Every structure is written in C-alpha cells, then in structure tokens.
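Peer 1: For the protein sequence lines, the chains are E and D, in the order given.
For the first sequence, position 45 matches number 40 in this note's numbering, and the numbering has no gaps at all.
For the second sequence, position 65 matches number 86 in this note's numbering, and the numbering has no gaps at all.
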Amino acid sequence: MNFSEVFKLSSLLCKFSPDGKYLASCVQYRLVVRDASTLQILQLYTCLDQVQHMEWSADSLFILCAMYKRGLVQVWSLEQPEWHCKIDEGSAGLVASCWSPDGRHILNTTEFHLRITVWSLCTKSVSYIKYPKACLQGITFTRDGRYMALAERRDCKDYVSILVCSDWQLLRHFDTDTQDLAGLEWAPNGCVLAVWDTCLEYKMLLYSLDGRLLSVFCAYEWSLGIKSVAWSPSSQFLAIGSYDGKVRLLNHVTWKMITEFGHPAAVNNPKTVVYKEAKKSPPLALGHLSFPPSRAGACPLTATAESRYEVASVPVSLQTLKPAADRANPRMGVGMLAFSADSYFLATRNDNVPNAIWVWDIQKLRLFVVLEQLSPVRSFQWDPQQPRLALCTGGGKVYLWSPAGCVSVQVPGEGDFLVLSLCWHPSGDSLALLSKDHFCLCFLETKEGTGAAAGLRDGHV
Amino acid sequence: MGDWMTVTEPGLCAESNNISQYTSETKMSPSSLYLQQVLCSSIPLSKNVHSFFSAFCTEENIEQSISYLDQELTTFGFPSLYEEPKSKEAKRELNIVAVLNCMNELLVLQRKNLLAQENVETQNLKLGSDMDHLQSCYAKLKEQLETSRREIIGLQERDRQLQCKNRNLHQLLKNEKDEVQKLQNIIASRATQYNHDMKRKEREYNKLKERLHQLVMNKKDKKIAMDVLNYVGRADGKRGSWRTGKTEASFFLRNEDEMYKILLNDYEYRQKQILMENAELKKVLQQMKKEMISLLSPQKKKPREREDESTGTVISDVEEDAGELSRESMWDLSCETVREQLTNSIRKQWRILKSHVEKLDNQVSKVHLEGFNDEDVISRQDHEQETEKLELEIQQCKEMIKTQQQLLQRKAFEEERASWLKQQFLNMTTFDHQNSENVKLFSAFPGSSDQDNLTVHSRPRQKKLHSVSHGSAICTSKMTKSLPASPTSDFCQTRSYVSEHSSVNVLNITPEEMKPNQVGRECSNQTWSVASRPRSQEGCYSGCSLTYTNSHVEKDDLP
C-alpha cells in the first residue's frame, strides 16, 4: 500500500473520471485535473467563484463546476482546454446541477425548485421541466442512460415522470400513492423504479418502466419508516433500511420480503466474526498524552493514538448512542446501506450504534462480520471491482475489509490527516482519501501483494 | 304389707293426674312424673282412706299392731307406747298420752318432710329447666359457630379470587399504560418531524416571499443565458433532426417501442434464467430419483444379471432409456400434474429409501450383536460396485460398437463412391467425342420438354450426367445397336447412355424394357434424391452416387 503526497482540496470535491484516467479536484475556485496514476497536473481551470459541486460527464470529456451562490455553471473540456461554457441562471438561482447520461446536457435545478432547465451543449435548445419535487433524491437515471425518472409535485400530489434522455420526450407520467415522496431510484437493469415515501409513512412502491405499479411494500405503520434504500447490482434485491434499525430485503420476483436483518447492540451468533478496533497503549504514555492536541477534532487522542484490529469473541456488546427523542430526523435506524459490486455482501450502519459496520452475507442471508471502530464511522464505500470495503471514521486511518481479513492503515504525513471521506478509483486499484483541506491517494497493490503488504502494516488480523 | 311408697294403683293414677294439673305447671318431664308418683304416694287421700287404713289394723290384731307400732317407734327414737310395767308378768297397758304425743310428733315430722320435699321438688324443677335452657343454648351456639365458620371460608375464597382479579387488572393496566406510552412516543416523534418539516417549508416560503419582493422591486433582471464558445458534437456522433409534427409522433412511437423492447428483453431474460434453474432442479430431482430407485432395487437386478449376462442388462437399459426419454420430454412440460407426479414419486422413493436404510441399520446392529462377521455386508457393497462398473463398461462398449459401425458404413460408402466416380471419369473420357452427334437424336424424342434438357443442349460439353428429368425419354434400342457393347453389364450400358445424352437414366432399366414411354414412366415412378439443376454438378454427383449405391446394393454385380 503506497500513499501519495498530500494535495490541497476544498469542500471534499475530488472525483475520478469514469474512465479512470484522470482525477479532478477543486481548490477554492480552481479546478485541477491530474493523471490518476502519476498525479501530475494535466489541466488547470479557473472558475468565477468558489465551486460547490463538481461532476465528470459520463464520457470523461467534460467537467461541470457549479457555483450556487452566483447561480453559475461552468463546463470545461479536457480535449480542448480553451473551450469554455458558462451557464448563468441569473435571477432563477441555482440549487443543484448535474449531467445527463449522454454527457451533452446539463440539468439545473433553479432556486425553490421552481423548475429544472435542461441546457444542451450540442444544440441551442433549452427544455424546461416544471414542478420538480424538492426531495433528497428527485432525479434518477437508468444505468444505460436511456431514461430519467423525475419526481414532481402538483396540487399537493406526487407524480413521477419518465423521460427519454435522447430527446427529452415524456414517456410516462403517473401519480404515486405517496404522502410525500422522498426519493426514487432505478434498478440497475433499468426496468423497475423504486419510489419511497417520507419517513413518516413506511411505503415502498415499485413501478415497471412503462409506469405500471408492480407492488407496494409496507413493513409497519405509525413509527418512522424508510431511511435508506439500495439496489443490489444484479437487480435481484432491494434493501430497505428503516428507522426501526432493520434492513428488509425484497426479491425481484415477487417483491416480497425474503428476510430482515436486525441490528441489535449485542452480537451473539458464534459464526459472526467481530473485529474491534482496540487502542494500543503508546510506549511513552505520559509524554504523548501531555502533548496538546492541535486540531479541534472530536477525539484528538484516538486520532493520534495507535490502534489495531482485534478479533473479539462473541458475545459482544457494542456501544450504543441514545438518540434525542425530541428532535426530528433522530439518529437511529439504518442510515447507510451499500451492496458490494458482486452483490455478495451488504454493508450497513445502524445510527444508534454509529461506531459499527455490519457486513451481511447475501448468499447465506446472515450476518457475516461486524467491524467496530473507536469513533463513529463517517463513510464507507465498496471497491467497484471486488468485495472489498473501505471505511473512515474521521481519524487519521483508513480501514479496509475483505473476506480475507481487515486492516487499518495510518495515513502517513506530517501533522494529522483526518480522513473525512473516501472515493475508489473505478478499477479498484487506488483510493482517494479526502480530509477537510487536503486529499491523498492510496495505491493498493495487486492481489498478490495486498495480503502480505497489509499484513506488515500496523494493525492486521 | 306392701311398700306404700311405690304402690301406684290405677285409681291412684287418675287422681295423680288431677293433682299434677294443680300442683305443677312445668312440662311433664320424667323427673316430674316420678315426683308426682312420690307426691301422690305421700299425700294421704280423703276418700278410700278408711279401707286403706283398715288394712293394717283390725279388731282382731289390735295387740299385735300396738306392739308392732311400739317397736317401730322405739327404733325411730320415740318413747314407748306402753306404760311402765308394774310387774314383769302383768300385761303392758297402752299409754294413750304417749300414743297421742307420738302421733303429734309424727304429724309434725310429716309436715316438715312435706315442706322439705316441696322445696326439693321445686329446686329440681328449676334445675331441670335450667339444664334444658342451657342445652338449647348450647345447640344454638354450636349451629351459629358452624355457620360462621362456613361463612368465613366462603369469604376467604372470595377474597382470594378478588385478589387474583386485581392482580390481572393491574397487569392489564400496566400493559395498556406501556402501549399508551409507546404510542405517545410515536406521536411525539411524528409531531417533531412534522414541525421540523413545517418549519423548513415556512422558511422556504419566507425566502420566496422575499425573493418575490426583490424581483418586483428590481426591474432590471440579470439575463438567463448560456454563453458557449462553440457547440459540441453529440455523444453518439449523429446529427440532430428537425422537429416537425410527424417526427414528434414518430419519436413518441419509437420511444414507446424501445421501452417495450427493453422490458420484454428483461422479462425474457429473467424467464430464461428461471427456466434454466427449473430444468436444472428437475434434472437433479430425476437423477436423485433414478439413484434412489437403483439403490432400492439391487436385489432385483442380481438374479437378472446371473441369467442373461450382457443382453439382459442391455435390454433393460434400452427399455429404461426409452422410457426415460419419453418421460424426459414429458418433464419438459411444466404443467401441474407432471410436477406433482415427479415430487410424489420422489417422496415415495425417499420414504422407501428411508425405511430401507433403517432396516439396514437394524440389520447392522443385529449383526454386531449376534457376532456375525461383516463379510456378508461388505460383499454386497462390493457386488454393487462391481455391477456398476460392469454396467459402465457395457455402456462404453456399446457406444464404441455404434461408432465403429458408423465409421465402417461411411468407409464403405466412400469406397464405393470413389470407384463409381472413377468409372464415370473413365466413361466420360471414352465417349466424349460422340456427344455432339447424339444430341440431335436426343432432341427428337418426345416428352422431353424439360428446360433442363434444353439447357443441357446448350452445354453439350459439360458433364451434366445426372440432371433429373421426369419425362426424359432415353433412346432405346437404336442406341444399343449403335454403341459397342461394353464388357460390363446392362448397367454399364445405361451409364454410357447417360454420358452421351447428359441425362440421368433410370438405373433399374433392363435392355428389354428400353422403350421411351415405358422408360419415361419408370423414370417418373422413381423418386430421385438428386437435385434437378444441371448446374449443381456436385450435388448431382452425390445424389446419383447415393441412388447408385442403392441400386448397386440391389444389383450386386459391380466392382
């Protein structure tokens, strides 16, 4: 495992190009494009204001930079550095901006979600989409980029519009039986659309591509409902994480629940392996402890202290957090869900137990591994190619798990590098680690080398 | 003299009844009866006194009675009734004063006794009544005690039941309270969520109002536009198209088309997956069934093998195979009954297998107990293995035989074909110069209106030896005369005809039958497997060679 130098970054905007050749990062109002393997700067673009959102086009030829405060979107070309494009939403304002799958249209959501403007880079045409819904996930594209599903709200009712991306024609428009649509997502095979309701109402609706309602799933009433949703890459399963701390898996044949995964604070099954991050006592205890912590982190000591993974013997009791009962969006329930690329594993986080990640074996439909960290897990992501999970807790380490074992690696560098987020390279060979002001790349060796090298690092199981 | 204390005469009883009426008011208790008897016996009666009293003393026994009385009185302590005797021999004179005094004394005593008796009687009565009273009180109290005891038990029982109920109600109350609490919590969380959302919406609304205000005030708007250096080509490299009414509709239809195609593809793919899975599972089930059957019927196979050796098993295998094939095609249909049959048969076999295994287990345990050596068991296993091996071998041998047969057939065919071709080639080279002459003859024949023949005319040089012509007549006897007779048989002659006239001859023609019409008819009766196109030389060759082989087989006189 090799670490690159540390480079500047702002707003956690660092993304690999879809073809894996480049890495784009934003520093204030500058956009820097580097080569993904050598990290040599290839292009440097200057935007008009601080960039809030940056996105690669699907063909890796263009990058859009959105500046919400100014209502501007600037598009840069990699092939032609002198090419420029600026979209000014003016008084309409801008709250969100994204690419269409063909990489030639930009969808801007104006302020107050008044409309979505579709700007074309090839023609002079502009399209408008009225009444888009202001929700967390109101737009979703199919994986092959043919269709777009959009949530709308008119006259206090929710609707879904399916548009054909090639010519922005309306294919289907239907109303949904939801109180307040919270999100929608296409299945990876592009034939089924999952639509779910606000957390006040547990309701998951499944529509076919042609707008027919295939099934409705409702696990329980009254208590807070759906918190997170994920499709398995093979489109066979739909995982629904809810506020009651359970994940329910629906199967694609009957759209009925095949199993539910609970997340209790006590792990009892002897077949489950629990990896606990344990602090290693530093050799010169007093000397180190007296050193004043320089960063305003949550747990400065744990950030600097050495730690490694230990296998804890079952039964294990995990640290829980009691959520404030009088606050909205309480910190309970399964808030983070992700399937591995081969659909064999599902990683989940129960917000009541924020320090732990549960990894479920989907072939056997049971709990496989629990990883317990010393601090709350901030983000985790699966390797796009193989079943390998990378996670970070806001400390100076990055943690990797695979069925062979897990490893925790300290990010080297002067001073502390607190990993707030991470992002895999499309080939799974490297990992970008993002902190508040910097980022660095972690190059993972090929399969033959990983095991041995990882074993040598501090913290290994 | 009777005891006058206890004498009760019938007459006296009547009297005593009257007396009891007057003297005692209490109940007739046994004691009082006795008292009355005493009373009546003690009180002297007014009537019948004289008769009663005269019974003691009469005119005759005065002296005796006086002496008796005197005796009695002196024993009681009274003074004697006799006067003091003056002399011993003189008769004692009755002392009247003493008698009167004694009588008075006796009367006084009598009165005293009566009084005392009365007192005692009254006291007795009193005591008796007291006793009665006490007894009745006692009985009453006992009853009361019983009833109160029973009451207590009953009350205790009720108390217990009520306590139970109380506990249950407490429990229910607790449950209800818990549920209420839970619902309250839910309501509270929902309320906070609602409030939060409301607040968010309100904030947005306020912002909108402000912005609207701003816009209304601010007349000069910033232009909404896109400024681009040059337009980029489309991702797929195509050009954009004009949008007219017609194209709109076509776009719409095309989109619909594509969408349905995608959906159908997905459904088909999924169905295929499911069918494959089903087929695999069915195969597994069938295999399981077969294996189970084979496991369960080793005894049946053994005698068969000993008798028939290979043939027997082959036949049975063949039968089984045939049966299996037909059954397999049935299994492909996934109808309800077929599925049920399969599962039922497997279940049956499984049950049989289970019972068999259990039997074996028992046998084994028996064997162990009885101390037999295990040779028997092992030998059976070995035997089964052996039979399996043998069966496999047999299968392999059969397959080998089949393939060898096929190869042999083919080889023979190839050989014959090669030799026939050689002959053909030879014939062609010898009779080539006569082609042009005989073409004219050919054209004169009737019934040869086929295009094939005409085309054949146009290409006399080409070796179109085998064009099929249904009505093609062949020159008959003339030809036979004109041509030299080859040393080979009739068949060779016909071949030479073929080479000259470029038309296929009927292979089964004999020289006697060579009349055009007949030949034509025979020609037409034949079914040719050869293509009728004169162009396809190869095909013709092969076709004819096939028929050649058939006839060859029949004729059986060619090299």
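Note that CB positions come from ideal geometry on N, CA and C, so glycine has one too.
Since the model is a prediction, treat every value here as computed from it, not as a measurement.
#1: Is any beta-carbon of chain E found at less than 8 Å from that of LEU250/D?
#2: Going by other Cβ atoms of all chains shown within 10 Å of its Cβ, with 16 needed for buried, is ASN538/D buried or exposed?
#3: Closest Cβ-Cβ distance between ASP278/D and chain E: below 8 Å?
#4: Classify GLY185/E as helix, strand or coil using the three-state DSSP reduction.
#5: For PRO587/D, I'd like the list of residues in its chain whose CB is within less than 7 Å of its CB, leaving aside the five on either flank, ordered along the chain.
#6: Could you spell out the range, first to last residue, of the beta strand (DSSP E) harbouring GLY330/E?
#7: Would you call GLN156/D buried or exposed, if buried means 16 or more other Cβ atoms sit within 10 Å of its Cβ?
#8: Does the segment 358 to 378 of chain D come close enough to the segment 310 to 317 of chain D that 3 or more CB-CB pairs lie under 8 Å?
#9: With a threshold of 8 Å between beta-carbons, can ALA291/E be considered close to chain D, or not?
#10: According to DSSP, is GLU305/E helix, strand or coil?
#11: At a cut of 8 Å, does the segment 215 to 223 of chain E reach the segment 197 to 216 of chain D through at least three beta carbon pairs?
#12: Determine the contact status of THR343/E and GLN368/E, defining contact as a CB-CB distance below 8 Å.
#13: How far does the alpha helix (DSSP H) with TRP51/E in it extend, from its first residue to its last?
#14: Could you check whether ARG255/D and ARG141/E sit closer than 8 Å to each other, using their CB atoms as the reference points?
#15: From TYR588/D to ARG188/D, what does the alpha carbon distance come to, in whole angstroms?
#16: Residues bridged to PRO325/E by DSSP?
#17: Taking LEU200/E and THR171/E to be in contact with their CB atoms under 8 Å, please state how far apart those CB atoms are, rounded to whole angstroms.
#18: Would you say GLU84/E faces chain D, with C-beta separation under 8 Å as the test?
#19: Quick one, are the C-beta atoms of GLN164/E and SER338/E less than 8 Å apart?
#20: If you measure between the beta carbons of CYS401/E and GLU0/E, is that distance less than 8 Å?
#21: Less than 8 Å between the beta carbons of TYR238/E and MET327/E, yes or no?
#22: I want to see whether chain E comes within less than 8 Å of GLN308/D, judged by CB atoms only; does it?
#23: Given this structure, state the Cα-to-Cα distance separating ASP372/E from TRP396/E, to the nearest angstrom.
#24: Taking the beta carbon of LYS228/D as the centre, do at least 16 other beta carbons fall within 10 Å, making it buried, or is it exposed?
#25: Against chain D, does GLY446/E count as a neighbour if the rule is that its beta carbon must be under 8 Å from one of theirs?
#26: Could you work out which residues of chain D lie near CYS117/E, taking near to mean beta carbons separated by less than 9 Å?
#27: What does DSSP give as the partner residues of PHE462/E in its beta bridges?
#28: So, for ARG167/E: in the same chain, excluding its five sequence neighbours on each side, which residues have a beta-carbon less than 6 Å away from its beta-carbon?
#29: Would you please verify whether the beta carbon of GLY79/E is less than 8 Å from any beta carbon of chain D?
#30: Residues of the segment 190 to 223 of chain D with a CB closer than 8 Å to any CB of chain E: list them in chain order, please.
#31: Compare the C-beta of ASN184/E with all C-beta atoms of chain D and state if any pair is closer than 8 Å.
#32: Going along the chain, which residues of its own chain have a beta-carbon closer than 6 Å to the beta-carbon of THR299/E, five neighbours each way excluded?
#33: Is the beta carbon of LYS299/D less than 8 Å from the beta carbon of ALA320/E?
#34: Hey, could you find the ends of the alpha helix (DSSP H) ARG372/D is sitting in?
#35: Determine the chain C residues that contact LEU204/E at a beta-carbon separation under 7 Å, and present them in chain order.
#36: Taking the alpha-carbon positions, what's the HIS455/E to GLU50/E distance?
Peer 2: On the basis of the data shown:
#1: Here residue 250/D refers to the residue found at position 229 of the second sequence. Taking Cβ atoms only, chain E reaches closer than 8 Å to LEU250/D, which makes this a yes.
#2: As a working mapping, residue 538/D is identified with position 517 in the second sequence. Confidence is the limiting factor: at ASN538/D the pLDDT is only 45, short of 50, which leaves the residue's position unreliable, though a coordinate-based value still follows. So ASN538/D ends up on the exposed side.
#3: Stepping through the second sequence from its first residue, residue 278/D is reached at position 257. Closer than 8 Å: no.
#4: Here the question's residue 185/E lines up with position 190 in the first sequence. It is coil, neither helix nor strand.
#5: Outside the shown range of chain D, which is 22 to 580, sits residue 587/D, and nothing can be said about it.
#6: The sequence position of residue 330/E within the first sequence is 335, counting from 1. Unbroken beta strand (DSSP E) run through GLY330/E: 329 to 334.
#7: On the second sequence, residue 156/D is found 135 positions in, with the first residue counted as 1. Exposed, since its Cβ has fewer than 16 Cβ neighbours within 10 Å.
#8: yes
#9: Indexing the first sequence from 1 puts residue 291/E at position 296. Confidence at ALA291/E is low in this model, with a pLDDT of 35, below 50, so its placement is unreliable and the value that follows should be read with caution. No, ALA291/E lies away from the interface with chain D (no Cβ there is under 8 Å from its Cβ).
#10: One-based indexing of the first sequence puts residue 305/E at position 310. Here GLU305/E sits in strand by DSSP.
#11: yes
#12: For the purposes of this step, residue 343/E is taken as the residue at position 348 of the first sequence. For the purposes of this step, residue 368/E is taken as the residue at position 373 of the first sequence. Not closer than 8 Å, so no.
#13: As a first step, residue 51/E is located in the first sequence; it is residue number 56 there, counting from the start. For TRP51/E, there is no enclosing alpha helix (DSSP H); the residue is found in the beta strand (DSSP E) stretching over 48 to 51.
#14: Residue numbering aside, residue 141/E sits at position 146 when the first sequence is read from its first letter. Residue numbering aside, residue 255/D sits at position 234 when the second sequence is read from its first letter. No. Outside cutoff.
#15: Since the first and last residues shown for chain D are 22 and 580, residue 588/D lies out of range.
#16: Within the first sequence, numbered from 1, the residue matching residue 325/E stands at position 330. DSSP lists no partner for PRO325/E.
#17: Counting from 1 along the first sequence, the entry for residue 200/E is found at position 205. Counting from 1 along the first sequence, the entry for residue 171/E is found at position 176. The pair is a contact, with the Cβ atoms about 6 Å apart (cut-off 8 Å).
#18: What you label residue 84/E is simply residue 89 of the first sequence in a count that begins at 1. Interface residue, yes.
#19: Taking the first residue of the first sequence as 1, we reach residue 164/E at position 169. Taking the first residue of the first sequence as 1, we reach residue 338/E at position 343. For GLN164/E and SER338/E, no; Cβs fall outside 8 Å.
#20: Within the first sequence, residue 401/E is the residue found at index 406, counting from 1. Within the first sequence, residue 0/E is the residue found at index 5, counting from 1. For CYS401/E and GLU0/E, no; Cβs fall outside 8 Å.
#21: Reading the first sequence from its first residue, position 243 is the one you call residue 238/E. Reading the first sequence from its first residue, position 332 is the one you call residue 327/E. Yes, the pair counts as a contact, with Cβ atoms nearer than the cut-off.
#22: In the second sequence, the residue the question calls residue 308/D occupies position 287. Not one chain E Cβ lies under 8 Å of GLN308/D.
#23: Indexing the first sequence from 1 puts residue 372/E at position 377. Indexing the first sequence from 1 puts residue 396/E at position 401. It is Val, not Asp, that sits at residue 372/E in the sequence shown. Using only the alpha carbons, I get a separation of about 14 Å.
#24: Along the second sequence, one-based indexing puts residue 228/D at 207. When all chains shown are included, LYS228/D counts as exposed.
#25: As a first step, residue 446/E must be located in the first sequence, where it is residue number 451. Summary for GLY446/E: the model assigns pLDDT 39, below 50, so the residue's position carries little reliability; its value from the coordinates is reported in the next sentence. It does not; no Cβ of chain D falls within 8 Å.
#26: Counting from one through the first sequence, the residue named residue 117/E turns up at place 122. In chain order: TYR252, VAL253, GLY254, ARG255, ALA256 and GLY261.
#27: Nothing in the structure corresponds to residue 462/E, since chain E is present only between -4 and 456.
#28: As a position in the first sequence, residue 167/E is number 172, starting the count at 1. Result list for ARG167/E: ILE157 and GLY206, in chain order.
#29: Counted from its first residue, the first sequence places residue 79/E at position 84. First, the amino acid is wrong: residue 79/E is His here, not Gly. Chain D contact via Cβ: present.
#30: LEU204, ASN206, ILE207, ALA209, SER210, ARG211, THR213, GLN214, TYR215, ASN216, HIS217 and ASP218
#31: Against the first sequence, residue 184/E aligns to sequence position 189. It does; some Cβ of chain D falls within 8 Å.
#32: Reading the first sequence from its first residue, position 304 is the one you call residue 299/E. Here THR299/E scores only 48 on pLDDT, less than 50, and its place in the model should not be relied on; the value that follows carries that caveat. No residues qualify anywhere along the chain.
#33: To locate residue 299/D, count along the second sequence from 1; it is residue 278. To locate residue 320/E, count along the first sequence from 1; it is residue 325. Position check: residue 299/D holds Asn in this sequence, whereas Lys was assumed. Not closer than 8 Å, so no.
#34: Indexing the second sequence from 1 puts residue 372/D at position 351. Looking at the DSSP string, the run of the alpha helix (DSSP H) that includes ARG372/D is 357 to 391.
#35: Reference to chain C is not applicable here, since the protein chains of this structure are E and D.
#36: Your numbering for residue 455/E matches position 460 in the first sequence. Your numbering for residue 50/E matches position 55 in the first sequence. For HIS455/E, the predicted model reports a pLDDT of 38, less than 50, meaning its position is unreliable and no value from the coordinates is stated.
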